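Read the structure below first, then the notes.
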Amino acid sequence: MALKNIVIGIAIMILTISVVVQGVALIYERPNYDDYCGEFKINQIIENQEQCETTGGQWEPQDIRCVTEPCPQGYCNRDFTCSKDYDVANGVYSRNIFLIALPLGIAVIAVGALIFGLEAVGAGLMAGGVGVILWGVTGFWSFADDWLKFVLSLIGLVIVIWLAFRMNSLTYKKKRR
Numbered sequence: 002m003a004l005k006n007i008v009i010g011i012a013i014m015i016l017t018i019s020v021v022v023q024g025v026a027l028i029y030e031r032p033n034y035d036d037y038c039g040e041f042k043i044n045q046i047i048e049n050q051e052q053c054e055t056t057g058g059q060w061e062p063q064d065i066r067c068v069t070e071p072c073p074q075g076y077c078n079r080d081f082t083c084s085k086d087y088d089v090a091n092g093v094y095s096r097n098i099f100l101i102a103l104p105l106g107i108a109v110i111a112v113g114a115l116i117f118g119l120e121a122v123g124a125g126l127m128a129g130g131v132g133v134i135l136w137g138v139t140g141f142w143s144f145a146d147d148w149l150k151f152v153l154s155l156i157g158l159v160i161v162i163w164l165a166f167r168m169n170s171l172t173y174k175k176k177r178r
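Start counting the sequence shown at 2; every next residue gets the next number (the working numbering).
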């Protein structure tokens with residue numbers, strides 16, 4: 002019976018993460034790179050810095066030896082400006098996903114810990130809540146400042162420790178009866 006509970010708990014964990022990730026994706030759309038950079042005219046040849054910067058690109062100088070003329074001494078990174086805009090939008094999106102995932106993950110952990118008495122369901126939901134928090138953290142961590150990482154991690158830790166004490170005190174009261 003213990004092995005069945007473990008398998009059910011793992012299935013609940015995976016499905017909880019999937020439901021949350023897909024549910025958030027239905028409501029909150031990730032920025033699309035093509036919306037920022039679109040498609041450039043592939044057949045347009047850019048041979049100098051002025052043409053490049055006019056199209057919103059950045060000229061990347063190269064020290065090359067040419068055998069034909071004209072000999073451009075670099076290339077145009079056409080996506081330079083638009084990719085910076087995309088990176089900003091993606092950072093905001095990742096921050097918002099984290100701000101959604103952290104409380105949602107903690108709420109799922111709380112539901113698993115405090116409401117469900119069936120161990121496989123409670124443990125599966127709690128593990129799913131941890132997975133949701135990890136999903137939010139991994140997308141945002143590279144965009145966050147160190148102080149923000151510290152504060153948010155501390156808040157999450159305090160809440161989860163409080164939940165553990167609350168859950169254990171309820172379990173202790175039930176055993177004493």
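Virtual Cβ for every residue (Gly too), placed ideally from N, Cα, C.
The structure presented is a predicted model; accordingly, all values stated were derived computationally and were not measured.
- Within the same chain, and ignoring the five residues on either side of residue 120 in sequence, the residues whose Cβ sits closer than 7 Å to its Cβ are 6.
- For the set 8, 21 and 87, the Cα lying nearest the Cα of residue 35 is the one of 87.
- Within the same chain, Cβ atoms closer than 7 Å to the Cβ of residue 127 are found at 110, 113 and 114, the five residues on either side in sequence being excluded.
- Contact between residue 37 and residue 90 holds: CB atoms are separated by about 7 Å, below the 8 Å threshold.
- Closest in C-alpha terms to residue 103, from the list 85, 59, 13 and 22, comes 22.
- DSSP places residue 54 in the helix class (H, G or I) of the three-state scheme.
- Shortest Cα-Cα distance from residue 108 to any of 129, 118, 98 and 9 involves 129.
- Restricting attention to 17, 39 and 118, the CA atom closest to the CA of residue 136 is found in 17.
- Classified as buried, residue 58 has 16 or more neighbouring CB atoms from the shown chains inside 10 Å of its CB.
- Residue 62 and residue 48 have their C-alpha atoms spaced approximately 11 Å apart.
- For residue 33, the three-state secondary structure derived from DSSP is coil.
- Membership of residue 59 in the beta strand (DSSP E) is indicated by the continuous run 59 to 62.
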